[in-house]
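Visitor: Order-wise, the sequence lines are chains A and B. For the first sequence, our numbering begins at 12 and goes up steadily by one. For the second sequence, our numbering begins at 207 and goes up steadily by one. We put the CB at the ideal spot given by N, CA and C, even for glycine. Computed from a prediction, not measured in an experiment: that's the story for all the values here. Below you'll find the structure I mean.
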Amino acid sequence: MAGAGGGGCPAGGNDLQWCFSQVKGAVDEDVAEADVISTVEFSHSGDLLATGDKGGRVVIFQREQENKSRPHSRGEYNVYSTFQSHEPEFDYLKSLEIEEKINKIRWLPQQGAARFLLSTNDKTIKLWKISERDKRAEGYNLKDEDGRLRDPLRITALRVPILKPMDLMVEASPRRVFANAHTYHINSISVNSDHETYLSADDLRINLWHLEITDRSFNIVDIKPANMEELTEVITAAEFHPHQCNVLVYSSSKGTIRLCDMRSSALCDRHSKFFEEPEDPSSRSFFSEIISSVSDVKFSHSGRYMMTRDYLSVKVWDLNMESRPVETHQVHEYLRSKLCSLYENDCIFDKFECCWNGSDRMVERVQYFKL
Amino acid sequence: MMLSKGLKRKREEEEEEGKEALAVDTWWLDPGHPAVAQAPPAVASSSLFDLSVLKLHHSLRQSEPDLRHLVLVVNTLRRIQASMAPTAALPPVPSPPTAPGIADNLLASSDAALSASMASLLEDLSHIEGLSQAPQPLVDEGPPGRPTGGAPPSLGALDLLGPATGCLLDDGLEGLFEDIDTSMYDSELWAPASEGHKSSPEDGPGKEEAPELDEAELDYLMDVLVGTQALERPSGPGR
Chain A
12 MAGAGGGGCP
22 AGGNDLQWCF
32 SQVKGAVDED
42 VAEADVISTV
52 EFSHSGDLLA
62 TGDKGGRVVI
72 FQREQENKSR
82 PHSRGEYNVY
92 STFQSHEPEF
102 DYLKSLEIEE
112 KINKIRWLPQ
122 QGAARFLLST
132 NDKTIKLWKI
142 SERDKRAEGY
152 NLKDEDGRLR
162 DPLRITALRV
172 PILKPMDLMV
182 EASPRRVFAN
192 AHTYHINSIS
202 VNSDHETYLS
212 ADDLRINLWH
222 LEITDRSFNI
232 VDIKPANMEE
242 LTEVITAAEF
252 HPHQCNVLVY
262 SSSKGTIRLC
272 DMRSSALCDR
282 HSKFFEEPED
292 PSSRSFFSEI
302 ISSVSDVKFS
312 HSGRYMMTRD
322 YLSVKVWDLN
332 MESRPVETHQ
342 VHEYLRSKLC
352 SLYENDCIFD
362 KFECCWNGSD
372 RMVERVQYFK
382 L
Chain B
207 MMLSKGLKRK
217 REEEEEEGKE
227 ALAVDTWWLD
237 PGHPAVAQAP
247 PAVASSSLFD
257 LSVLKLHHSL
267 RQSEPDLRHL
277 VLVVNTLRRI
287 QASMAPTAAL
297 PPVPSPPTAP
307 GIADNLLASS
317 DAALSASMAS
327 LLEDLSHIEG
337 LSQAPQPLVD
347 EGPPGRPTGG
357 APPSLGALDL
367 LGPATGCLLD
377 DGLEGLFEDI
387 DTSMYDSELW
397 APASEGHKSS
407 PEDGPGKEEA
417 PELDEAELDY
427 LMDVLVGTQA
437 LERPSGPGR
């Protein structure tokens, strides 16, 4: 992986130990631009890890069955499937190239043997089916083993084809392509708890899709001002509530989070709840807004809390309290005195993700390292 | 009046203004404030302003600008510009669109060809201020100073006055500039070694820009944006 790291701050107590279990990919400096990983996502059970890169590829790792003779060793992840999800495209109307870089991957809840995931670049979302094949049929009547058709006059007996085991083959096939619904760059996708719909969010709009329907989507949030001169804020992340299929949240570049209820109106421009922490006057600077910009928002599994990530901290919010977070964890406070340099080299605009672990004790995931 | 001298003077003036204008809502000018303790306030905000304008230009040069980056830079620029605003003591100047204005106009066209609108905006600026060298700094990628190899100098203010190019010239255009003191746009002003200025427009068209010219142009452009440069001109139509 061209730069991956992990950190952790458990919510309450320092009883967790963190270490690198595995490092995949090139460790040296010489990494091709296309190989730079742009997003990672575990499946719900954690047995699969999907990564997307700047070259539009998705690589899925699978955790090996834990060895009974080594019960304390952690399961290792090995490559399970690789496929080209997105290709670079050209928008002829606007004369713009659309990058193939994968911005987000989200797994669908598992319902059968096959696994499904959504992957998106700046403009197009795709639904992929990942299925295993470990048997093949042999003994066809009309064709022989290499697939050539047999001469019908030579067939004297009929046989029933039988299934024989083969080396495991993992196939990824595109099942749906959801395109042409976003004017701006898609930054988030989130599967709804109803398992039928999902949302996609760009800088100014959030659309609601049905997984079966690709030729239309519903716009549920639109913050584009009538006059673009008045634009001061963009959407940075969005997510559906894990249990309430009518509730979603979206974060903004000004460090605010809005919770919307789709039952109240078709267009959720008016929020139901508004989460914002008042600015600390002692730490105000020219860069206050930039570092307050929320780069990721995630509900806890319980649905009671949500976590937000900005440049320097991770905050845990109780959905019942809009005035301020219940917990704030400084991730790299030592950078606060270097904001000017970080602004100069654009690092201050970098985005980080965060996620909860299985038991809702907080985990922070750094997207990439900086020296 | 030499450009570099003008620059120095501007900074000294700003520092004095900064000390006088401390108020509750100008915390960024308060040298005791922990956030600005590191650098002299005027220098910090002025160079941050320059940096932010450069970032804005760079962002808009992208074929499809990152809207989040753009909005954050514009908002930061607004904060910095607000902190650099002249105090009430200075006369109100009918200045050309300042940075937020430019940013607003730029954002307005963000759906359409952004670079085209920015070019036209700067062209408007240049017609007002006589600084139609503006396109040149935009062409500069990365290290400043090197003019694009082999490219003819872009239409200068000087060319408007001289007989050189036919495309923009009209006798009517000269009439427009009759009452504006154009001596400051004399080409000799741009040469790094020259002192003072001479009102000899005929010297203009012949001079090639030196590599340092682009940086000086950019500084001049930013002075214009801040509105301080406008103050140094004799009171005239200005606009």
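Grouping DSSP H, G and I as helix and E and B as strand, with all else coil, what is GLY410 of chain B?
Guide: By one-based count along the second sequence, residue 410 of chain B stands at place 204. Residue placement at GLY410 of chain B cannot be trusted, given a pLDDT of 43 that sits under 50; the coordinates are not used to answer.
Visitor: Tell me whether PRO7 of chain A sits in a helix, a strand or coil according to DSSP, three-state version.
Guide: This structure cannot speak to residue 7 of chain A, because chain A is shown only from 12 to 382.
Visitor: Would you identify the three-state DSSP class for VAL90 of chain A, choosing helix, strand or coil?
Guide: Taking the first sequence and counting its residues from 1, the one referred to as residue 90 of chain A is at position 79. DSSP places VAL90 of chain A in strand when its eight states are reduced to three.
Visitor: Under the assumption that SER201 of chain A contacts TYR209 of chain A (Cβ atoms under 8 Å), give the Cβ distance between them as a whole number of angstroms.
Guide: Against the first sequence, residue 201 of chain A aligns to sequence position 190. Against the first sequence, residue 209 of chain A aligns to sequence position 198. Between TYR209 of chain A and SER201 of chain A the Cβ distance is about 6 Å, and since that is below 8 Å, they are a contact.
Visitor: With distance defined between alpha-carbon atoms, name the residue in B:VAL279, B:GLN287 and B:ILE286 nearest to CYS358 of chain A.
Guide: Your numbering for residue 358 of chain A matches position 347 in the first sequence. Of the candidates B:VAL279, B:GLN287 and B:ILE286, the one whose C-alpha sits nearest the C-alpha of CYS358 of chain A is B:VAL279.
Visitor: Taking ILE136 of chain A as part of the beta strand (DSSP E), name the residues at either end of that continuous run.
Guide: Position 125 of the first sequence, counted from the start, is the residue given in the question as residue 136 of chain A. ILE136 of chain A -> beta strand (DSSP E) spans 136-149.
Visitor: Pick from B:SER258, B:SER251 and B:SER252: whose alpha carbon is nearest that of TYR354 of chain A?
Guide: In the first sequence, residue 354 of chain A corresponds to position 343, counting from 1. Residue B:SER258 is the option with its Cα nearest to TYR354 of chain A.
Visitor: Would PHE363 of chain A count as contacting chain B if we go by Cβ distances under 8 Å?
Guide: Locating residue 363 of chain A in the first sequence gives position 352, counting from the first residue. Answer no: the Cβ-Cβ gap between PHE363 of chain A and chain B never drops below 8 Å.
Visitor: I need the boundaries of the alpha helix (DSSP H) containing HIS275 of chain B, first residue and last residue.
Guide: Against the second sequence, residue 275 of chain B aligns to sequence position 69. Taken as a continuous stretch (DSSP letters only), the alpha helix (DSSP H) holding HIS275 of chain B covers 273-289.
Visitor: Going by other Cβ atoms of all chains shown within 10 Å of its Cβ, with 16 needed for buried, is CYS30 of chain A buried or exposed?
Guide: In the first sequence, residue 30 of chain A corresponds to position 19, counting from 1. Per the 10 Å Cβ criterion, exposed.
Visitor: Check each candidate in A:GLU143, A:SER184 and A:SER92 and name the one with the smallest Cα separation from GLY123 of chain A.
Guide: For this step, residue 123 of chain A is matched to residue 112 along the first sequence. It is A:GLU143.
Visitor: Using the Cβ count rule (16 or more neighbours within 10 Å means buried), how would you classify HIS275 of chain B?
Guide: The sequence position of residue 275 of chain B within the second sequence is 69, counting from 1. So HIS275 of chain B ends up on the buried side.
Visitor: Please report the distance separating the alpha-carbon of ASP330 of chain B from that of ILE109 of chain A.
Guide: Here residue 330 of chain B refers to the residue found at position 124 when the second sequence is read from its first residue. Here residue 109 of chain A refers to the residue found at position 98 when the first sequence is read from its first residue. Caution applies to ASP330 of chain B, whose pLDDT of 43 falls short of 50 and renders its modelled position unreliable; the value that the coordinates give is listed next. Approximately 32 Å, taken between the alpha carbons.
Visitor: For the segment 173-187 of chain A against the segment 127-138 of chain A, do three or more pairs of beta-carbon atoms, one drawn from each stretch, fall closer than 8 Å, so that the two count as touching?
Guide: Because the criterion of three Cβ pairs below 8 Å is met, the segment 173-187 of chain A and the segment 127-138 of chain A touch.
Visitor: Can you say whether HIS254 of chain A is buried or exposed, counting buried as having 16 or more other CB atoms within 10 angstroms of its CB?
Guide: Numbered from its first residue, the first sequence carries residue 254 of chain A at position 243. By the 10 Å Cβ count, HIS254 of chain A comes out exposed.
Visitor: Cβ of ARG267 of chain B less than 8 Å from any chain A Cβ?
Guide: In the second sequence, residue 267 of chain B corresponds to position 61, counting from 1. No, ARG267 of chain B does not count as interfacial toward chain A.
Visitor: Within a Cβ cutoff of 7 Å, which residues of the same chain sit near PHE11 of chain A, ignoring the five residues on either side of it in sequence?
Guide: The question about residue 11 of chain A has no answer here: the residues shown for chain A are numbered 12 through 382.
Visitor: With three or more C-beta pairs closer than 8 Å as the rule, is the segment 148-156 of chain A touching the segment 170-183 of chain A?
Guide: The answer is yes - the segment 148-156 of chain A touches the segment 170-183 of chain A, with three or more Cβ pairs under 8 Å.
Visitor: Kindly list the residues whose CB is nearer than 8 Å to the CB of SER204 of chain A, restricted to its own chain and excluding five residues on each side of it in sequence; keep chain order.
Guide: Stepping through the first sequence from its first residue, residue 204 of chain A is reached at position 193. Here the set comprises PHE251, HIS252, PRO253, HIS254, GLN255 and CYS256.
Visitor: Looking at the structure shown, is VAL327 of chain A part of a helix, part of a strand, or coil, going by DSSP?
Guide: In the first sequence, the residue the question calls residue 327 of chain A occupies position 316. DSSP places VAL327 of chain A in strand when its eight states are reduced to three.
Visitor: How many whole angstroms separate the CB atoms of ALA277 of chain A and ALA249 of chain A, which I take to be in contact at a CB cut-off of 8 Å?
Guide: Taking the first residue of the first sequence as position 1, residue 277 of chain A is located at position 266. Taking the first residue of the first sequence as position 1, residue 249 of chain A is located at position 238. Rounded, the Cβ-Cβ distance is 17 Å, inconsistent with contact.
Visitor: Where does the unbroken alpha helix (DSSP H) through ILE302 of chain A begin, and where does it stop?
Guide: Translated into positions along the first sequence, residue 302 of chain A becomes position 291. Its alpha helix (DSSP H) spans residues 299-303.
Visitor: Taking the alpha carbon of ASN89 of chain A as the point to measure from, which residue in A:LEU60, A:LYS115 and A:ASP64 has its own alpha carbon closest?
Guide: Here residue 89 of chain A refers to the residue found at position 78 of the first sequence. For the residues A:LEU60, A:LYS115 and A:ASP64, the minimum Cα distance to ASN89 of chain A belongs to A:LEU60.
Visitor: Checking contacts by CB at 8 Å: is GLU111 of chain A closer than that to chain E?
Guide: No chain E is present in this structure, whose protein chains are A and B.
Visitor: Can you pull the chain B neighbours of ASP233 of chain A, defined as C-beta to C-beta under 9 Å?
Guide: As a working mapping, residue 233 of chain A is identified with position 222 in the first sequence. Simply none; closest approach about 14 Å.
Visitor: Chain B beta carbons: is any one of them nearer than 8 Å to that of VAL90 of chain A?
Guide: In the first sequence, the residue the question calls residue 90 of chain A occupies position 79. Output row for VAL90 of chain A: interface = no.
Visitor: Bridge partners for TYR316 of chain A per DSSP, in chain order?
Guide: The residue you call residue 316 of chain A lines up with position 305 of the first sequence. DSSP output for TYR316 of chain A lists A:ASP329 as bridge partner(s).
Visitor: Using only CA atoms, which one of A:LEU222, A:SER228, A:THR243 and A:HIS55 lies nearest to LEU215 of chain A?
Guide: Within the first sequence, residue 215 of chain A is the residue found at index 204, counting from 1. Measuring from the Cα of LEU215 of chain A, the nearest candidate turns out to be A:THR243.
Visitor: Using C-beta distances below 6 Å, list every residue in its chain close to LYS284 of chain A, excluding the 5 sequence neighbours before and after it, in chain order.
Guide: The residue you call residue 284 of chain A lines up with position 273 of the first sequence. So the qualifying residues of the chain are LEU270 and GLU333.
Visitor: Spell out whether any CB of chain B is found under 8 Å from the CB atom of ILE268 of chain A.
Guide: As a first step, residue 268 of chain A must be located in the first sequence, where it is residue number 257. By this cut-off, ILE268 of chain A is not an interface position.
Visitor: How many angstroms separate the CA atom of LEU259 of chain A from the CA atom of ASP272 of chain A?
Guide: Your numbering for residue 259 of chain A matches position 248 in the first sequence. Your numbering for residue 272 of chain A matches position 261 in the first sequence. Approximately 7 Å, taken between the alpha carbons.
Visitor: Which stretch, first to last residue, makes up the alpha helix (DSSP H) that contains CYS366 of chain A?
Guide: For the purposes of this step, residue 366 of chain A is taken as residue 355 along the first sequence, with counting starting at 1. Premise fails: CYS366 of chain A lies in the beta strand (DSSP E), 364-367, not in any alpha helix (DSSP H).
Visitor: Going by CA-CA distance only, name the one from A:PRO336, A:ILE302, A:ILE234 and A:HIS312 that's closest to HIS282 of chain A.
Guide: Start at 1 with the first residue of the first sequence, and residue 282 of chain A comes out as number 271. For the residues A:PRO336, A:ILE302, A:ILE234 and A:HIS312, the minimum Cα distance to HIS282 of chain A belongs to A:ILE234.
Visitor: Grouping DSSP H, G and I as helix and E and B as strand, with all else coil, what is GLU344 of chain A?
Guide: As a first step, residue 344 of chain A is located in the first sequence; it is residue number 333 there, counting from the start. Note: GLU344 of chain A maps to helix in three-state DSSP.
Visitor: With H, G and I counted as helix, E and B as strand and the rest as coil, what does DSSP make of LEU427 of chain B?
Guide: Sequence index remark: in the second sequence, residue 427 of chain B carries index 221 (1-based). It is helical.
Visitor: Could you round the C-beta distance between SER228 of chain A and THR247 of chain A to whole angstroms and report it? I think they count as a contact, below 8 Å.
Guide: Along the first sequence, read from residue 1 onward, the residue named residue 228 of chain A stands at position 217. Along the first sequence, read from residue 1 onward, the residue named residue 247 of chain A stands at position 236. Not confirmed; about 20 Å, so no contact.
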